[in-house]
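Keeping their order, the protein sequence lines are chains A and B.
Just add 46 to wherever you are in the first sequence, counting from 1, and you've got the numbering used here.
Just add 31 to wherever you are in the second sequence, counting from 1, and you've got the numbering used here.
We treat Cβ as the ideally placed atom computed from N, Cα and C, and that holds for glycine.
It should be emphasised that the depicted structure is a prediction, and the values quoted were computed from it without experimental measurement.
Notes follow once the structure below has been shown.
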Amino acid sequence: MFDTEMREYSRDESVDALVIGTGSGGAPLLARLAGAGLSVVALEAGQKWNPARDFATDEKAQDKLFWTDERLSAGNDPLHFGNNNSGIGVGGSTLHYTAYTPRVQPDDLRLFSDFGVARDWPLSYADLEPYYDELETFLGVSGPNPYPWGPPRACPYPLAPLPLNGAAQLMERACQTLGIRTSPAANAALSAPYFRKGIGWRAACTNRGFCQAGCSTGAKASMDVTYLPLAVQLGAEIRPECFVINLETDAAGQISGVVYVEDGIEKRQKCRNLFLCGGAIETPRMLMMSGLANGSGQVGKNFMAHTGMQVWGRFDEEIRPYKGIPGSLISEDTHRPKDADFAGGYLLQSIGVMPVTYASQVARGRGLWGAELREHLRGYNHTAGINILGDCLPYEGNFLELSDEKDARGLPKPRIHFSNGENEKKMNAHAETIMRQVWEAAGARDIWKFDRNAHIIGTARMGNSGDDAVVDADGKSFEIPNLNLPDTSRFPSALSANPGHTIWALSLPPPHLF
Amino acid sequence: MPNPTYPPNTVRALLHSDAVTPPTRAALLERLDAQPQAPQFFDAAEMATLRAACARLIPQCERENPIEIASSIDERLAAGKGDGWRYDALPPDGEAFRRGLRGLDQSADGEHNAPFAALNETQQDAILGSVQNGAARGEVWQTLSGARFFEELLADATENYYAHPLAQEEIGYAGFADAPGWVEIELNQREAREPEANHV
Ligand SMILES: Cc1cc2nc3c(=O)[nH]c(=O)nc-3n(C[C@H](O)[C@H](O)[C@H](O)COP(=O)(O)OP(=O)(O)OC[C@H]3O[C@@H](n4cnc5c(N)ncnc54)[C@H](O)[C@@H]3O)c2cc1C
Ligand code: SF4
Numbered sequence: 047m048f049d050t051e052m053r054e055y056s057r058d059e060s061v062d063a064l065v066i067g068t069g070s071g072g073a074p075l076l077a078r079l080a081g082a083g084l085s086v087v088a089l090e091a092g093q094k095w096n097p098a099r100d101f102a103t104d105e106k107a108q109d110k111l112f113w114t115d116e117r118l119s120a121g122n123d124p125l126h127f128g129n130n131n132s133g134i135g136v137g138g139s140t141l142h143y144t145a146y147t148p149r150v151q152p153d154d155l156r157l158f159s160d161f162g163v164a165r166d167w168p169l170s171y172a173d174l175e176p177y178y179d180e181l182e183t184f185l186g187v188s189g190p191n192p193y194p195w196g197p198p199r200a201c202p203y204p205l206a207p208l209p210l211n212g213a214a215q216l217m218e219r220a221c222q223t224l225g226i227r228t229s230p231a232a233n234a235a236l237s238a239p240y241f242r243k244g245i246g247w248r249a250a251c252t253n254r255g256f257c258q259a260g261c262s263t264g265a266k267a268s269m270d271v272t273y274l275p276l277a278v279q280l281g282a283e284i285r286p287e288c289f290v291i292n293l294e295t296d297a298a299g300q301i302s303g304v305v306y307v308e309d310g311i312e313k314r315q316k317c318r319n320l321f322l323c324g325g326a327i328e329t330p331r332m333l334m335m336s337g338l339a340n341g342s343g344q345v346g347k348n349f350m351a352h353t354g355m356q357v358w359g360r361f362d363e364e365i366r367p368y369k370g371i372p373g374s375l376i377s378e379d380t381h382r383p384k385d386a387d388f389a390g391g392y393l394l395q396s397i398g399v400m401p402v403t404y405a406s407q408v409a410r411g412r413g414l415w416g417a418e419l420r421e422h423l424r425g426y427n428h429t430a431g432i433n434i435l436g437d438c439l440p441y442e443g444n445f446l447e448l449s450d451e452k453d454a455r456g457l458p459k460p461r462i463h464f465s466n467g468e469n470e471k472k473m474n475a476h477a478e479t480i481m482r483q484v485w486e487a488a489g490a491r492d493i494w495k496f497d498r499n500a501h502i503i504g505t506a507r508m509g510n511s512g513d514d515a516v517v518d519a520d521g522k523s524f525e526i527p528n529l530n531l532p533d534t535s536r537f538p539s540a541l542s543a544n545p546g547h548t549i550w551a552l553s554l555p556p557p558h559l560f
Numbered sequence: 032m033p034n035p036t037y038p039p040n041t042v043r044a045l046l047h048s049d050a051v052t053p054p055t056r057a058a059l060l061e062r063l064d065a066q067p068q069a070p071q072f073f074d075a076a077e078m079a080t081l082r083a084a085c086a087r088l089i090p091q092c093e094r095e096n097p098i099e100i101a102s103s104i105d106e107r108l109a110a111g112k113g114d115g116w117r118y119d120a121l122p123p124d125g126e127a128f129r130r131g132l133r134g135l136d137q138s139a140d141g142e143h144n145a146p147f148a149a150l151n152e153t154q155q156d157a158i159l160g161s162v163q164n165g166a167a168r169g170e171v172w173q174t175l176s177g178a179r180f181f182e183e184l185l186a187d188a189t190e191n192y193y194a195h196p197l198a199q200e201e202i203g204y205a206g207f208a209d210a211p212g213w214v215e216i217e218l219n220q221r222e223a224r225e226p227e228a229n230h231v
């Protein structure tokens, strides 16, 4: 992955910035900090992969990309983690994200002003916009110009949209008859070869539909083929297979360094600033294990997970749902539905699916087994899906705690309580009706829904005051000035857009911070 | 329209062709050629119950050499590997499996005075169904959620089965032929290396 020589920093010296985690929250930031001439080191629990050599187009072989330290799922809607939620490795969850890259719409950031629920963000769309522009150009996002929803764009998508696959064609046709607008989606996967200074050429997507189990061609803009090589070239050091177990403070209460385990040996790295980017479960877990930055009492609270219901149907046409970028078609007409009895909204996306994932969902979601299960799966090549990505409100009862059970590393397993509230249930009901209508209009039979929540969000929310928030609008802890939380933990509300693009935008710190 | 069937014996040839990249070929051939291991996690009685249950969850009567499911589960548990989460309502995976299998035997004993593996298929199906519905008889089910255990067992069995190249051949999946990339990705489009459905 890194062609250039990597700089190495001494563990005895205090580096300007230490970044924990190299996923969406950590990677853009790492490049930015290195580019500003700071001494920066990233510690990453997982391995560094060479996708062309190490990635098989096989779901089971790619289990290695998922975070498998056990989490306990509680509540009325216990969440599936592992392959449904978190990654490990240099690149974090972007190694297996699907590459959907919608922007938020401005009103996503003010649910409280508009509906009296959740929280407003302490920043606005205008604050994110220049970073969205920069990211789309740097990563090579493929998308339509103009994009039909949201404010007009200053900067067009640099590449044409990826081609529509079977599921997208079916959804497009049916939506047309129902008066729902659709558009090819924006995806952070290249529709043509793309060159960027600092990372060189990346090849175009070969339509192998395997984004969720790792892209072997480098077409998908995961962090390991974009911001991380750039960061290394700019002077950052990335240490893979280093698991951070404790954060340390000095007499003044500032972070002075961290303790991590490499090859079974405990090591220390000193730092002047810490950027904790372990994702919305590991970040609060590390803060809780270290007993830090929780004066507000909000660490681990307000855990959110997008509504992500999928509706599947069986068609006469051959779809072969393993081909093409999985999410090639989108509609944001349901962003603020006129007949909504809930706050916020959702977007609709067509979905492709890999066979083991689909089979597992049929087993868990429909409870089919025996001859019936095998019969259903024989229809795999004729199966197409639509899913929603909808807002999720923060609730008192949805939170993370440290359990008494220890994992294989000897650390307390996190227990995550999650239940959909009334708002999510109403949104799901609304979406299910629409998705069923679309699939009926497209000629589907045996339509069924799979209840699902996706993405881990919240747990260290950002706000205007340390009384009820953990970090400020820049991601800085109210209590410990040299501690920053740039990852998904800081989201005060879930937003009705896939989170990656917005995390990256938040992870590109404005120059005034240096 | 009934579900399609696909021609047999295509997957091995495809795996040995240029259409498959080396890492993908390595992963799939290893699975295709795997020999069942002696159980390491379960004892012989537990293994017999697990095998019997898997044979009903994923019946493979038509296969001369059924795809090994139970030993893959045994291997995973012996290695202490999980999928990153578990229902808080269930004990750790290994314990949940041991207790759940004991539960199947208790239910079988209560209904028919015999271990689960000795029952006929109809009897086994009835017991599995009652576990899935949370209505099974037996002391184990007082403290172990039958519905959750069943879901875990079924998901494990299903994932192991459909990860096997021969099961993927059965459903006409060819995504592992990953070297050239796909051009014909629209409705009713098929490339030469994708198996054509048998016409019924
Ligand atoms: C299957 C799937 C599909 C998705 N698809 C999309 C999509 O299409 N679009 C989108 O926008 N989002 C998508 N997402 C979500 C997106 O990937 C995540 O929201 C995002 O990457 C989270 O960023 P993060 O920085 O908070 O955490 P991560 O990207 O998960 O990064 C956390 C990193 O920290 C490391 N780490 C954690 N603890 C420690 C420790 N103690 N020591 C050292 N390192 C540690 C982890 O190994 C990991 O690399 C998808 C997610 C999944 C699971
Ligand atoms: S569909 Fe394209 S971007 Fe996704 S994994 Fe395949 S080649 Fe990579």
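Pair within 8 Å by beta-carbon distance, B:G115 and A:F127: Yes.
Pair within 8 Å by beta-carbon distance, A:H428 and A:R360: yes
Boundaries (first-last residue) of the beta strand (DSSP E) holding A:W485: Run containing A:W485: none in the beta strand (DSSP E); it sits in the alpha helix (DSSP H), E468 to A487.
Straight-line Cα distance separating B:A198 from A:G325: 36 Å
Best match in B:F128, B:H47 and B:N34 for proximity to B:S176 [C-alpha to C-alpha]: B:F128
Cut-off 6 Å between Cβ atoms - residues of its own chain near A:G92, not counting five sequence neighbours on either side: I134 and G135
Proximal residues of chain B, C-beta to C-beta of A:E116 below 7 Å: By Cβ distance, chain B contributes G113, G115, W116 and R117.
Distance CB(A:A282)-CB(A:A430) smaller than 8 Å: Taking 8 Å as the cut-off, the Cβ atoms of A:A282 and A:A430 do not count as close.
Chain-ordered neighbours of B:F128 on chain A, where CB pairs are closer than 8 Å: Per Cβ cutoff of 8 Å: no residues; B:F128 is ~15 Å from chain A at best.
Per-residue DSSP class, three states only, for A:Y36: Absent from the model: residue 36 of chain A. The displayed extent of chain A is 47 to 560, so no value can be given.
C-beta contact flag for A:T272 and A:I301 at 8 Å: no
Residue burial classification, A:C323 (beta-carbon count within 10 angstroms, cutoff 16): buried
Where B:E183 falls, given that 16 or more other Cβ within 10 Å makes a residue buried: buried
Any beta strand (DSSP E) of 3 or more consecutive residues that is wholly inside the region 84 to 149 of chain B: Taken in chain order, the unbroken stretches of beta strand (DSSP E) that lie wholly in the region 84 to 149 of chain B and span 3 residues or more are 116 to 118.
Contiguous alpha helix (DSSP H) assignments of at least 4 residues, all confined to the region 300 to 370 of chain A: Listed in chain order, the complete alpha helix (DSSP H) runs (minimum 4 residues) inside the region 300 to 370 of chain A are 325 to 336.
Cross-chain neighbours of A:K369 in chain B, by beta carbon under 7 Å: W213 and I216
Closer than 7 Å: A:C317 CB and nearest ligand 1 heavy atom: no
Residues that A:W415 bridges to, as DSSP identifies them: Looking at the DSSP output, A:W415 bridges to nothing.
Spatial neighbours of B:L132 in its chain, beta-carbon cut-off 7 Å, leaving aside the 5 residues before and after: E77, T80 and L81
Environment of B:D209 [buried if 16+ CB atoms lie within 10 Å]: buried
Beta carbon proximity, B:T174 to chain A, threshold 8 Å: Put simply, the CB of B:T174 is far from chain A, with every gap to its CB atoms at 8 Å or more.
Pick from A:G299, A:D387 and A:W494 that is closest to A:I526, judged by C-alpha positions: A:G299
A:H428 (DSSP reduced to helix, strand or coil): helix
Strand pairing of A:L205, partner residues [DSSP]: A:S188
Chain-ordered chain B contacts of A:Y426 [CB-CB under 8 Å]: I202, G203 and Y204
Cβ-Cβ distance between A:G504 and A:N348 below 8 Å: yes
Length-filtered (4 minimum) alpha helix (DSSP H) runs lying within the region 194 to 240 of chain A: Counting whole runs of 4 or more residues, the region 194 to 240 of chain A contains the alpha helix (DSSP H) stretches 212 to 224.
Cβ pair count under 8 Å reaching 3, the region 142 to 158 of chain A against the region 251 to 267 of chain A: yes
Close-in-space but distant-in-sequence residues of the same chain around A:A200 (CB under 8 Å, 5 per side omitted): E175 and D179
8 Å Cβ cutoff met for A:A351 and A:A231: no
Per-residue contacts from B:L185 into chain A (C-beta, under 7 Å): A409 and W415
Beta-carbon neighbours of A:I365, restricted to chain D and to distances below 9 Å: Going by chain labels, chain D is absent from the structure shown, which instead holds the protein chains A and B.
Contacts of B:R87 in chain A (Cβ-Cβ under 9 Å): W415 and G416
Collapsed DSSP secondary structure at A:G512 in the structure displayed: coil
Spatial distance of B:G169 from B:S138 (CA atoms): 5 Å
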